[in-house]
Structures are given as structure tokens and as C-alpha cells.
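Position 197, counted from 1, in the sequence shown is what UniProt numbering calls 197; the numbers after and before it change by one each time, with no gaps. Note that beta-carbon positions come from the ideal geometry of N, C-alpha and C, so glycine has one too. Quick caveat: nothing in here was measured; it's all calculated off a predicted structure. Inspection log for the structure reproduced underneath, given as C-alpha cells.
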Amino acid sequence: QGGESVPPRQQQRRQQQPPKPFVPRWMLMGPQEWAFCPYSKQPKPPRAHYDHVTKILVLNMDHYCPWMFNTVGYFNYRYFVNFLLYVAVGMLYGAIMSYRPFRNMETKLFRDQMKTSRSKGLKVVDHLFSKVPLPSERTQISFTFMLCISVGIAVLCLLSFHIYLILTAQTTIEFHGNISKRRMARKRGIQWINPYDLGWKKNWQQVYGSKPFFRSILASGREPEFLPVPIAGELGRRSHAKKELKSSSNRLPPV
1 QGGESVPPRQ QQRRQQQPPK PFVPRWMLMG PQEWAFCPYS KQPKPPRAHY
51 DHVTKILVLN MDHYCPWMFN TVGYFNYRYF VNFLLYVAVG MLYGAIMSYR
101 PFRNMETKLF RDQMKTSRSK GLKVVDHLFS KVPLPSERTQ ISFTFMLCIS
151 VGIAVLCLLS FHIYLILTAQ TTIEFHGNIS KRRMARKRGI QWINPYDLGW
201 KKNWQQVYGS KPFFRSILAS GREPEFLPVP IAGELGRRSH AKKELKSSSN
251 RLPPV
């Protein structure tokens, strides 16, 4: 009572309209725009997100990894991808080494090895042929081969996804957000371009640095070489930013 009545047809039209999709605030920010984090009560740099597990603001946050017991972000993303790479290589090595024994478990060589051992009067079956397991080793070899294959394929898929993210200058959080941005841009009839994408080579350097490929993927304690902002060349290096910060602080008048 006392309020303005809405015609039934207009009210029905409002009810039929789909709700507007929720757009997080960080998806509306520019590539170099800062914000304020209400959880940590700190200035929020571009591409930073608050991690509700560790209760800290993480630059270039990708996700929380229970295997590393830490949040994957700007300073340790390279280590996480290297971890996936080393696990994938290790699983590939295990699968290659156990493939021949796994394949020979049901072959004529396996049966001949048992017959020959008995004919020689051996109490237990002995290794007489190369890459042919003993009956007591069948369970371990089968488990090893199947484990290496299944874990290797899963880790390889995850590694491929993160290599794609590196080459396209995205984190996992930004990847899902960029899908929504492309969808919204498509509805408006425009093309959306990732503002952090500097090309696959410079995108790779922002994570692994400018060293040669095989040197860059080796385990090391060096920090990231470039800032996670769309600035290519010398201006995008952390060393240049440190020099600029130091020189600007020296130019400040004494208090």
C-alpha cells in the first residue's frame, strides 16, 4: 500500500528476463590499475588475488597447490611448472623401463623361463632371459607400469595446460575470467585482446627469464626476471624497477 503498482504484463516481463551475470571487480580493472583488498587491508596490485587458505595477498595467484603446500603465484610459478615437468619425465622413464617386463609377463619367454628353471632343478624361478620378470614380480611390475602411465598422462595434460597459460600470459584464475570477457565482448560485437599478452616469446621470458631453454628449466634459486605487467624489454625487468625506485627515493627531500 502507498507504493506504485506495476502492471501485470511489465511484472511478467521482468520475471522472464534472465539475471545479469555476476562480474568480479578484478575483471573490470585495467592491466596496470591498483585496487584495495578488503581482506588483507592492503593495496592490491594488478593480477593479485587474496588466498583464503594462506590468508595472504598473492601476486599473479594461480591456485593453491596441496602438493606443494603453498599458493602458486609470481615468485614460485616456475617451480610449480618445473615440478610438473620433472614428474612427467619421471613417469615417462618409469613407463619405458617397465614396459618390456610388463609386456613379457604373458609371453612364451615367461613360460619358457619357468620350464627351464624347473628342468635345471632350481627351487625357485631364476632370471634366465632379459626383461622377463619372475612370477613373484608380476604384481609389482603391473602396478608400476599402470601407475606411471596413468599419473604420467594426468600430469602431462596439466603440464600442457600450464605451458599454454605461460605462452598466452594467463593464470588459471585469469583463464576462466578471460573466457567470460571474450563472451561479453562477443555479445557487444567487439574483439577482446588480453592486455598482458606480449607474444609467446616474451610471455615465456616473464616466467622463465631470458636464459636459453634448457638452462631456464633447470632447478635454481633465482627470482623472476621480469615484472608481471605488459611492459617488454629493459623497462619490464625487476632490476630496472629497483633502480628507478632507489633513484626516486634518493631524489626525495629530507624530512
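Using 10 angstroms around the beta-carbon of residue i, count the other beta-carbons present and answer buried if the total reaches 16, otherwise exposed.
i, result
"V53", "exposed"
"Y93", "exposed"
"M68", "exposed"
"F102", "buried"
"K98", "One detail in the question is off: residue 98 reads as Ser in this sequence, not Lys. Buried, by the Cβ-count rule."
"T107", "exposed"
"Y39", "exposed"
"D112", "exposed"
"Q205", "buried"
"Q133", "Here residue 133 turns out to be Pro, not Gln, going by the sequence shown. Classification of P133: buried, given that the 10 Å Cβ count is 16 or more."
"H176", "exposed"
"T139", "exposed"
"K44", "buried"
"R47", "buried"
"P66", "exposed"
"Q170", "buried"
"F213", "exposed"
Could you give the residue range of the alpha helix (DSSP H) that holds residue i?
i, result
"T144", "138-167"
"I96", "77-103"
"T54", "Where T54 is concerned, there is no enclosing alpha helix (DSSP H), given that its DSSP letter is neither H nor E."
"F110", "108-119"
Assuming residue i and residue j make a contact with CB atoms under 8 Å, what is their CB distance in whole Å?
i, j, result
"H49", "I141", "Not quite, the Cβ-Cβ distance comes to about 45 Å (not below 8 Å), so this is no contact."
"P230", "L198", "6 Å"
"V87", "V155", "5 Å"
"Q42", "L59", "The pair is not a contact, with the Cβ atoms about 11 Å apart (cut-off 8 Å)."
"L85", "L158", "Actually they are not in contact, since the Cβ atoms of L85 and L158 sit about 11 Å apart, beyond 8 Å."
The beta strand (DSSP E) spanning residue i covers which residue range?
i, result
"H63", "63-65"
"F36", "35-37"
"P43", "42-44"
"V125", "Careful: V125 lies outside any beta strand (DSSP E) and carries neither H nor E."
"V72", "70-72"
Meets three-Cβ-pair contact criterion under 8 Å: the stretch 161-169 and the stretch 68-87: Here the stretch 161-169 lies against the stretch 68-87, with 3 or more beta-carbon pairs under 8 Å apart.
Three-pair Cβ contact test at 8 Å for the stretch 89-108 versus the stretch 144-162: Three or more pairs of CB atoms, one per stretch, sit closer than 8 Å, so the stretch 89-108 contacts the stretch 144-162.
Three-pair Cβ contact test at 8 Å for the stretch 183-190 versus the stretch 122-132: With the cut-off at 8 Å, the stretch 183-190 and the stretch 122-132 do not touch.
Runs of alpha helix (DSSP H) wholly within the stretch 181-243 (minimum 4 residues, chain order): The stretch 181-243 contains these whole alpha helix (DSSP H) runs: 200-208, 213-216.
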